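Numbering (full-length UniProt numbering), first residue to last: 1 to 434.
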């Protein structure tokens with residue numbers, strides 16, 4: 001189910017869903033596979049690699065399990081966190097709106113400068129937002145939709161996606177380490193040799209006539225690996241669990257899965273390093289490579305890292321904590337997201353005329369309050385001016401204009417100038433004239 005949808009308004013990607021959750025079928029398959037791979041590795045390593053080995057047991061419980069829990073926590077946060085979807089009714093930041101328009105009264109010029117998304121009911125589209133067809137929403141700093149985490153990757157969950165790659169890569173390395181320790185542990189073997197009399201005797205990998213097991217020679221160290229293809233069944237391990245280790249297809253599958261996901265997460269992690277350093281999404285980097293430029297491709301500040309938050313651009317411990325959300329310095333979250341929104345806003349697309357009217361009324365209300373505080377009668381409630389005063393004012397303005405035009409004609413040097421002569425304060429003192 002691609003696009004905006006929800007389940008009874010509780011979870012989904014619609015504008016009215018209470019909790020964010022992508023309901024895409026491919027995303028569900030990908031997230032299930034991600035959970036399944038980690039659960040599979042956890043089971044195989046616990047069942048086949050730690051028995052009768054103190055070193056493997058210590059590595060498994062003190063290293064692998066914490067890393068796997070961090071990877072699964074990062075996966076859950078990347079899956080269920082709102083990536084930065086623009087809510088319905090979002091407005092441009094006030095400072096941006098005034099800078100683009102020049103004045104609140106120029107609503108038409110604002111309309112030309114306001115980006116809108118036709119797929120989101122003409123909702124306001126912030127400068128660094130892009131529409132995701134899978135979730136059906138515009139996402140700020142949209143990087144891509146990742147089926148492995150079942151969600152779009154954007155400004156607010158990019159951190160968890162990178163942590164998922166990091167901890168999954170470390171889990172693969174630890175898994176391969178445990179498999180290697182088991183190979184070393186199972187390097188003690190007996191080779192069953194048949195004699196002419198039909199009997200059989202056993203010797204170690206070091207061709208000793210004693211029954212006790214000795215380590216295999218270096219050139220025969222990986223001899224147990226051929227256990228998978230041993231049709232004669234002439235190899236006997238000193239430890240019984242080694243027979244299960246080399247005969248199990250679960251172990252072979254874990255080797256393949258660990259190698260594949262190690263290469264995959266490392267390659268993805270190298271690509272994300274550029275996003276961490278520059279603060280740019282994948283789409284922004286692709287546009288810049290083809291020559292497009294603009295302020296939407298640059299970070300809003302150098303004071304902190306936009307992907308991990310915090311108050312410093314330097315690496316901090318909270319970067320690696322999947323249970324801590326992305327927090328920005330006070331007042332900077334709206335700047336990073338590029339829009340203003342509050343629960344009191346109406347759930348309708350932003351309209352410049354309505355917002356400008358409200359702000360203009362607020363400004364006029366502020367003037368009236370200032371006028372009352374200064375004991376000055378507001379202009380719209382001032383008493384009528386006598387006709388004699390109006391006549392004298394008109395004559396004074398006309399006289400001033402004549403002087404201005406005459407001065408302009410005399411000093412004109414090829415450029416058109418508009419000069420205004422400020423009249424005498426006494427001439428405009430209405431109370432003095434009356």
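Note that the Cβ used here is the ideal one computed from N, Cα and C, for glycine as well.
Just so it is clear, the structure is predicted and the values come from calculations on it, not from any experiment.
- Judged by DSSP in its simplified three-state form, residue 336 adopts helix.
- With a beta-carbon spacing of about 22 Å, residue 180 and residue 269 fall beyond the 8 Å limit used to define contacts.
- Residue 54 and residue 68 have their alpha carbons spaced roughly 20 Å apart.
- For the pair residue 43 and residue 245, the CB atoms are not nearer than the 9 Å cut-off.
- Inclusion of residue 16 and residue 6 in the CB contact set at 9 Å is warranted, their separation being smaller than that value.
- Here the segment 128-140 makes no contact with the segment 55-66; the two share fewer than three CB pairs at distances below 8 Å.
- Taking the Cα of residue 80 as reference, the smallest distance to any Cα among 22, 40, 137 is reached at 22.
- Here residue 147 is near residue 31, since their CB atoms are less than 9 Å apart.
- Between the alpha carbons of residue 140 and residue 154 lies a gap of roughly 6 Å.
- Residue pairing from DSSP places residue 305 in a beta bridge opposite 309.
- Setting aside the 5 residues that flank it on each side, residue 90 is surrounded in the same chain by 123, 124, 126, 339, 340, 341, 345, 350, each with a C-beta closer than 8 Å to its C-beta; the list follows chain order.
- In the same chain as residue 52, and ignoring 5 residues on each side of it, the C-beta atoms closer than 7 Å to its own belong to 239, 241, in chain order.
- Following the DSSP letters along the chain, one finds residue 24 in no beta strand (DSSP E), marked with neither H nor E.
- Looking only at 247, 281, 150, the smallest Cα-Cα distance to residue 75 is reached by 150.
- Residue 182: member of the alpha helix (DSSP H) spanning 158-185, first to last residue.
- According to the DSSP assignment, residue 249 belongs to the alpha helix (DSSP H) that extends over 249-278.
- Taking C-beta atoms as the reference points, residue 172 and residue 70 fail to come closer than 9 Å.
- The C-beta distance from residue 313 to residue 303 rounds to 7 Å, short enough to meet the 8 Å contact threshold.
- In the displayed model, residue 30 falls within a helix according to three-state DSSP.
- Per the coordinates, the alpha-carbon of residue 317 lies some 27 Å from the alpha-carbon of residue 20.
- In this chain, the beta strand (DSSP E) harbouring residue 152 covers 151-153.
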